[in-house]
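S.K.:
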Amino acid sequence: MAVIGGTGSAAWGRNSLGEEARAGGWGYLLGDEGSGYWLGREAVRHSLRRMNQGLEPDELTTALLASCGVDDPNKLIALFHSPDTGRRYWAERARLVVDAADAGHAASRELVDQAGRDLAGLAEQTVRQLRIDGPVILGSGLGMNVPRLQESFRAALAAAGITDVRILKQDPVFGVLQLVTEQG
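Heads up: the sequence shown begins at -16 in this note's numbering, then just goes up one per residue.
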């Protein structure tokens, strides 16, 4: 049972009977909760909410504005809807949320924790559909490289009774290369 937590998000698995199930993977317009795109979009929403409340830019907003090359949160609206920025552009801003969370920014910590819980929800749904206990394997950019997200993911699954959780240490593409080399 695999969970992808990268630019997008999805869970997929197969049981011993060959039955398959998936959750998520609907793309950034319909879902991708817990993904890099989701975190980037939520950083924009956080910044716009602060602006609407008349609050000064906080650490996350300041980092987001600098990264986007704009000087006012209001300019994020047009930038977000611009054809020059797409899902990858905003997914790359997930790093700003992770860095702010690591520096102690409370709203960013909550966003990263929510991303982990959302990914765990996809995993739990798939595990239940397949009637298996695991293992659940978390991979891709965020899944493999953000310890706080991994902790939230593990905790949410443990609360659901799913304890066989593994985090990939290397991108799966390298396994394909190794198989090709071994076959050659």
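Note that the Cβ used here is the ideal one computed from N, Cα and C, for glycine as well. As the structure is a computational prediction, the values presented were derived from the model and not from experiment.
Provide the residue span of the beta strand (DSSP E) that contains Trp(-5), from first to last.
M.R.: That run of the beta strand (DSSP E) goes -8 to -3.
S.K.: Quick one: what's got a C-beta closer than 7 Å to Leu62's C-beta in the same chain, skipping five residues either side?
M.R.: Around Leu62: Cys51, Val53, Thr68.
S.K.: Which runs of the alpha helix (DSSP H), 4 residues or longer, sit entirely within the stretch 23 to 106?
M.R.: The qualifying runs are 42 to 51, 58 to 64, 70 to 75, 77 to 85.
S.K.: Do Ile178 and Ile120 have their CB atoms nearer than 9 Å?
M.R.: No statement about residue 178 is possible, as the shown extent of the chain runs from -16 to 167 and does not include it.
S.K.: Just to confirm the assignment, what range does the alpha helix (DSSP H) spanning Gly117 have?
M.R.: Unbroken run through Gly117: none, as it is neither H nor E.
S.K.: If you measure between the beta carbons of Gly117 and Met(-16), is that distance less than 9 Å?
M.R.: Yes, the Cβ-Cβ distance between Gly117 and Met(-16) is below 9 Å.
S.K.: Here's a check: name, in chain order, each residue in its chain whose Cβ is nearer than 7 Å to the Cβ of Tyr20, leaving out the five neighbours to either side.
M.R.: Cβ neighbours of Tyr20 beyond the five flanking positions: Thr(-10), Gly(-9), Tyr11, Arg70, Trp73, Ala74.
S.K.: Which residues in the same chain as Ala77 place their Cβ atom closer than 6 Å to its Cβ, once the five residues preceding and following it in sequence are excluded?
M.R.: Closer than 6 Å at Cβ, skipping near neighbours: Gly19, Leu22, Gly23.
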